[in-house]
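Enquirer: One structure is given below, represented as structure tokens, and several questions about it will come after.
Number of protein chains: 2
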Amino acid sequence: MNYDEAKTKFVSTWGSLGTLWGINKAMAQIQALLFISIKPLCMEDIMEELKISRGNTSMNLRQLMDWGIVTKVIIPGERKEYFTTEKEVQELARVIAKERSRREIKPVVKVLKEVSSIADDGTEKTKELIKQTKALHDLTETADDMINKLVNQKQNWVTKSLLKLIK
Amino acid sequence: MNYDEAKTKFVSTWGSLGTLWGINKAMAQIQALLFISIKPLCMEDIMEELKISRGNTSMNLRQLMDWGIVTKVIIPGERKEYFTTEKEVQELARVIAKERSRREIKPVVKVLKEVSSIADDGTEKTKELIKQTKALHDLTETADDMINKLVNQKQNWVTKSLLKLIK
DNA sequence: TCAAACTTTCAATAATTATTGAAAGTTTGT
DNA sequence: ACAAACTTTCAATAATTATTGAAAGTTTGA
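Chains as they are written, first to last, in the numbering used here: chain A, 1 to 167; chain B, 1001 to 1167.
What follows is the structure in structure tokens.
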């Protein structure tokens, strides 16, 4: 496998993993492309490499910037804008996890709390609903906390030592 | 909020969370419904509660059974089939994480390993590709390992004490 | 072995989500 | 103030994914 093959393989695989953290293919691919690029890229570069339209590129770059993963770079003497991505995987993971938690997990935890707090009218079905949603609430909240805490540890040794602990 | 409101809210919220673990809405809703039901339900019950078609119900039940989350229950004297879901949240989380890892994370880890193992031809761009995909490989693999290990600990105290550790 | 009771399959359709491309908007140098 | 160089917006369209419903399949009891 040569450089170009490896690059294409990486970009498309990382793109398809997008769903795993709730972003679309193009967005994930743009990030992947920037992630392995040795210099900032402009819109043309990205459009050409990924064969996507200008509008698509613009919209997805915007979202990546909103997330704080991609930043605009101004190159003196150049009119057009260039882009780079966060190069530290640890930091990348932090941002993604944080965003995911905020957008998707937190609202669910909130609903679970509400539902598990309804008045116990004494019927078996209500008891079951309360019991099960409470269990789900605890699990979800704990998992969310853990992910956030883990991912906020910037030093990699924490992850490694934890992993050893639970082996 | 009374029982029926709470139930509807829970089922639809849990359904929309489906994307988070890579299953579709109907599948997540069926599971949610069974999760708070005090007795096994048949296809009619599910169709009626969720207002979905017979075909949809059948296909999604099948997939839930393939995942090992839902099991068929035979009620003596009854012709039709009944279904229940795993009621332990811990076990539920285990199955979901395992499935997700197998279907989505493992293949990506494999590709990252391949890509990061290409020959270093000495160019800067190749070095960068290798370096970055290697970092991603390590992170992804570590995260995957952690999730699997954590989720395999059936006792809840492990999670709790770990959480304390990293607070 | 038949028919009633039930489940599965799958082509057609609907719903959702991503992408395009061209017009409108913005910025910059002269 | 203008025009060139660039970016953004968004309605239209395409691609993808989920859902339906009816026909085919299966099981069971008499």
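By construction, the Cβ of each residue, glycine as well, lies at the ideal position given by its N, Cα and C atoms.
For clarity, every value in this text was computed on a predicted model and none was experimentally measured.
At the level of alpha carbons, what is the spacing between B/Lys1127 and B/Met1146?
Expert: Here residue 1127 of chain B refers to the residue found at position 127 of the second sequence. Here residue 1146 of chain B refers to the residue found at position 146 of the second sequence. One C-alpha to the other measures close to 28 angstroms.
Enquirer: Name the chain A residues whose beta carbon is nearer than 7 angstroms to that of B/Lys1007?
Expert: The sequence position of residue 1007 of chain B within the second sequence is 7, counting from 1. Neighbours of B/Lys1007 on chain A, chain order: Leu129.
Enquirer: Assign B/Arg1102 to buried or exposed, taking buried as 16 or more other Cβ atoms, counted over all protein chains shown, within 10 Å of its Cβ.
Expert: By 1-based counting over the second sequence, the position of residue 1102 of chain B is 102. By the neighbour-count criterion, in which 16 or more other beta carbons inside 10 Å mark a residue as buried, B/Arg1102 falls on the exposed side.
Enquirer: 8 angstroms is my cut-off, CB to CB: does B/Ala1093 come that close to chain A?
Expert: Looking up residue 1093 of chain B in the second sequence gives position 93. Contacts with chain A at 8 angstroms (Cβ-Cβ) include B/Ala1093.
Enquirer: Give me the chain A residues within the contact set of B/Gln1132, using Cβ-Cβ distance strictly less than 9 angstroms, ordered along the chain.
Expert: For this step, residue 1132 of chain B is matched to residue 132 along the second sequence. Residues of chain A passing the Cβ test: Phe10, Phe35, Ile36, Lys87 and Val89.
Enquirer: With 8 angstroms set as the bound, which would you pick, yes or no: does the beta-carbon of A/Glu49 sit closer than that to a beta-carbon of chain B?
Expert: Here residue 49 of chain A refers to the residue found at position 49 of the first sequence. Answer no: the Cβ-Cβ gap between A/Glu49 and chain B never drops below 8 angstroms.
Enquirer: Along the chain, where does the beta strand (DSSP E) that runs through A/Thr19 open and close?
Expert: What you label residue 19 of chain A is simply residue 19 of the first sequence in a count that begins at 1. Segment: none, A/Thr19 is in no beta strand (DSSP E) and carries neither H nor E.
Enquirer: List, in order along the chain, the chain B residues whose C-beta lies closer than 9 angstroms to that of A/Leu20?
Expert: What you label residue 20 of chain A is simply residue 20 of the first sequence in a count that begins at 1. From the beta-carbon of A/Leu20, the residues of chain B found nearer than 9 angstroms are Gly1022, Arg1100, Glu1104, Ile1105 and Val1108.
Enquirer: Answer yes or no: does any C-beta atom of chain B fall closer than 8 angstroms to that of A/Ile166?
Expert: For the purposes of this step, residue 166 of chain A is identified with residue 166 of the first sequence, where counting begins at 1. Here the model assigns A/Ile166 a pLDDT of 49, short of 50, so the residue's position is not dependable, and the following value carries that caveat. So yes, A/Ile166 belongs to the interface.
Enquirer: What are the start and end residues of the alpha helix (DSSP H) that includes A/Thr85?
Expert: The residue labelled residue 85 of chain A in the question sits at position 85 within the first sequence. Unbroken run through A/Thr85 is the beta strand (DSSP E), Tyr82 to Thr85; no alpha helix (DSSP H).
Enquirer: Just checking my contact of A/Leu139 with B/Ala1006 at CB under 8 angstroms: how many whole Å lie between their CB atoms?
Expert: The residue you call residue 139 of chain A lines up with position 139 of the first sequence. The residue you call residue 1006 of chain B lines up with position 6 of the second sequence. Not confirmed; about 18 angstroms, so no contact.
Enquirer: Thinking C-alpha only, which one of B/Gly1122, B/Leu1092 and B/Lys1131 is nearest B/Phe1035?
Expert: Here residue 1035 of chain B corresponds to residue number 35 of the second sequence, with the count starting at 1. Among B/Gly1122, B/Leu1092 and B/Lys1131, the Cα nearest to that of B/Phe1035 is on B/Leu1092.
Enquirer: Alpha carbon to alpha carbon, what distance is there between A/Lys149 and B/Ile1166?
Expert: As a first step, residue 1166 of chain B must be located in the second sequence, where it is residue number 166. As a first step, residue 149 of chain A must be located in the first sequence, where it is residue number 149. With a pLDDT of 49 at B/Ile1166, under the threshold of 50, the predicted position of this residue should be treated as unreliable, though the coordinate-derived value follows. So the two alpha carbons sit approximately 7 angstroms from each other.
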